[in-house]
């Protein structure tokens, strides 16, 4: 499984995390294409805990964000948030949240490290993060190899 996210979206999440004293959070909206989840839109949601070590999304903003995305033909493919003082790996609270929201969880640090995770029966599994320009390049190389064999 791969998470295809435009570089500017990821940079915006990291920049917002860097400028915040609390964890930032929100949704990744998009769709699926084979083994890839492609992010078409990000939406920040207020962290109602306003905490540097935990987040809870503001419920009304969650509903508004999801409704708006669905009207545009997008679905929730992930949740993002920041870890200000620890590595971008799911915490115990994150794991409980992953049980409630079985989508990809993207975790970033203010220093720019980003990792994505999904909960599986056997535990958490890391999801590869790819930028669209890299994904296009990989598919282009595969297509060239296929055509050269013909």
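In the numbering used here, the protein residues as written are 573 to 722.
Yeah, the Cβ is synthetic: ideal placement off N, Cα and C, and Gly gets one too.
Under 8 Å between C-beta atoms of residue i and residue j
i           : j           : result
residue 679 : residue 601 : no
residue 559 : residue 667 : With the chain running from 573 to 722 in the structure shown, residue 559 is simply not present.
residue 670 : residue 660 : no
residue 674 : residue 656 : no
Among the options, the one whose alpha carbon lies nearest that of residue i
i           : options            : result
residue 624 : 700, 594, 689, 676 : 594
residue 653 : 592, 596, 586      : 596
residue 664 : 705, 626, 605      : 626
residue 604 : 634, 676, 619, 672 : 676
residue 723 : 687, 704, 628      : Outside the displayed span of the chain (573 to 722) sits residue 723, for which this structure offers no information.
Straight-line Cα distance separating residue j from residue i
i           : j           : result
residue 589 : residue 578 : 17 Å
residue 583 : residue 683 : 11 Å
residue 689 : residue 643 : 27 Å
residue 630 : residue 694 : 31 Å
residue 717 : residue 606 : Caution is warranted here: a pLDDT of 47 is assigned to residue 717, below 50, making its placement in the model unreliable, and no coordinate value can be reported.
residue 636 : residue 672 : 19 Å
residue 608 : residue 638 : 21 Å
residue 621 : residue 628 : 6 Å
C-beta neighbour in chain D for residue i, strict 8 Å
i           : result
residue 673 : No chain D appears in this structure, which consists of one protein chain only.
Beta-carbon proximity list for residue i, same chain, < 6 Å, skipping 5 on both sides
i           : result
residue 702 : 574, 576
residue 586 : 680, 684
residue 592 : none
residue 641 : 601
residue 633 : 617, 618
residue 700 : 574
Nonlocal neighbours in the same chain, by C-beta distance under 7 Å from residue i, ignoring five residues either side
i           : result
residue 720 : Any reading at residue 720 needs caution, since the residue's pLDDT is 48, under 50, leaving its predicted position unreliable; the model's value is listed next. Answer for residue 720: no residue qualifies.
residue 598 : 614, 615, 616, 617, 652
residue 581 : 611, 614
residue 658 : none
residue 715 : Summary for residue 715: the model assigns pLDDT 44, below 50, so the residue's position carries little reliability; its value from the coordinates is reported in the next sentence. Once the five neighbours on either side are set aside, residue 715 has no close Cβ partner at all.
Proximal residues to residue i (C-beta, below 8 Å), its chain only, five neighbours per side dropped
i           : result
residue 712 : For residue 712, the pLDDT reaches just 49, beneath the cut-off of 50, and the residue's location in the model is therefore unreliable, although a value from the coordinates is still provided. Cβ neighbours of residue 712 beyond the five flanking positions: none.
residue 705 : 579
Original post:
Taking only runs of the alpha helix (DSSP H) that begin and end inside the segment 629 to 704, which ones reach a length of at least 4 residues, in chain order?
Top reply: Fully contained in the segment 629 to 704 are the following alpha helix (DSSP H) runs of length 4 or more, in chain order: 631 to 643, 664 to 672.
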